[in-house]
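According to this note's numbering, the sequence shown is numbered sequentially starting from 9. Beta carbons are placed, not taken as given, at the ideal position from N, Cα and C, and that holds for glycine.
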Amino acid sequence: MSGTAATPIPTPFAYEGLLYINGGRGRPLFAIRLGAAGDISLKEDQPSNEYIVWSQPRGGTYLPSAVAYQSAIYTLTETGILNRFDAKTGKQTYKTRIDPAATAFTTSPWIYNDKLFCLSEEGQTFVVTTGEQFQLLHVNELEDMALASPALVGERLLIRTEHRLYSIRRKA
Numbered sequence: 009m010s011g012t013a014a015t016p017i018p019t020p021f022a023y024e025g026l027l028y029i030n031g032g033r034g035r036p037l038f039a040i041r042l043g044a045a046g047d048i049s050l051k052e053d054q055p056s057n058e059y060i061v062w063s064q065p066r067g068g069t070y071l072p073s074a075v076a077y078q079s080a081i082y083t084l085t086e087t088g089i090l091n092r093f094d095a096k097t098g099k100q101t102y103k104t105r106i107d108p109a110a111t112a113f114t115t116s117p118w119i120y121n122d123k124l125f126c127l128s129e130e131g132q133t134f135v136v137t138t139g140e141q142f143q144l145l146h147v148n149e150l151e152d153m154a155l156a157s158p159a160l161v162g163e164r165l166l167i168r169t170e171h172r173l174y175s176i177r178r179k180a
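The following block contains the structure:
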């Protein structure tokens, strides 16, 4: 399949019966039917074909991987632009800068308890509502550089910053 960057970094994933491939910065985000074989490349100005259910021409991101939740795909650019797409149709619900202070993102966003979390390189975690309307709820400050994507392990969230490793969980 053509249309992706030479070395796209975001991780592909399957969700609700489709495979999602992020083509990289300035490249498409693709939703592909499982079982595709052969060259499934889109022709110029073609948004879909037999195997590519939908594509968003500039929906790809450089570093952060997308996250899927409640029939939506959320993508975050390295410059703090958050997009929400309908997982089945590819329709863009919104595209917005998270916050004027949100300028550099290496980590992938995650979702917990109906909230989307976006950790910036400056150690700020921007907490956003999930759903069709964008709303910034809160900003948590770690006061340390963060480049690694957080990991969900059992009931814990592990966040590694330049100088610390945080293990966060709900009180029992």
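What's the C-alpha gap between residue i and residue j?
i: alanine 13; j: leucine 173; result: 33 Å
i: aspartate 107; j: glutamine 143; result: 10 Å
i: leucine 42; j: isoleucine 60; result: 10 Å
i: methionine 153; j: asparagine 57; result: 43 Å
i: threonine 2; j: lysine 99; result: Shown here, the chain extends from 9 to 180; a query on residue 2 therefore has no answer.
i: proline 117; j: glutamate 52; result: 31 Å
i: serine 157; j: glycine 131; result: 12 Å
i: tyrosine 70; j: arginine 33; result: 4 Å
i: leucine 50; j: alanine 95; result: 19 Å
i: valine 135; j: glycine 88; result: 13 Å
i: proline 20; j: serine 63; result: 14 Å
Which residues does DSSP pair with residue i in a beta bridge?
i: phenylalanine 134; result: Cys126, Val147
i: glycine 26; result: Note that residue 26 corresponds to leucine in the displayed sequence, not to glycine. DSSP, once it has assigned bridges, lists Tyr23, Arg41 as partnering leucine 26.
i: aspartate 94; result: Ala80
i: serine 56; result: Answer is none; serine 56 lacks a bridge partner.
i: serine 116; result: According to DSSP, serine 116 bridges with nothing at all.
i: serine 63; result: Phe38
i: isoleucine 17; result: According to DSSP, isoleucine 17 bridges with nothing at all.
i: serine 262; result: With the chain running from 9 to 180 in the structure shown, residue 262 is simply not present.
i: glutamine 141; result: Paired residues: none, contrary to the question.
i: lysine 103; result: Asn91
i: leucine 160; result: Leu165
Taking the alpha carbon of residue i as the reference point, which residue from the options has its own alpha carbon closest?
i: lysine 103; options: Asn121, Ala76, Gln78, Gly67; result: Gly67
i: alanine 80; options: Asn91, Leu160, Thr87, Ala112; result: Asn91
i: alanine 260; options: Arg164, Glu170, Arg168; result: The shown model of the chain, from 9 to 180, leaves out residue 260, and the question about it has no answer.
i: proline 65; options: Glu24, Val136, Thr169, Phe38; result: Phe38
**Request:** Count the CB pairs spanning the region 72-87 and the region 44-54 that are closer than 8 Å, and state whether there are at least three.
**Result:** no
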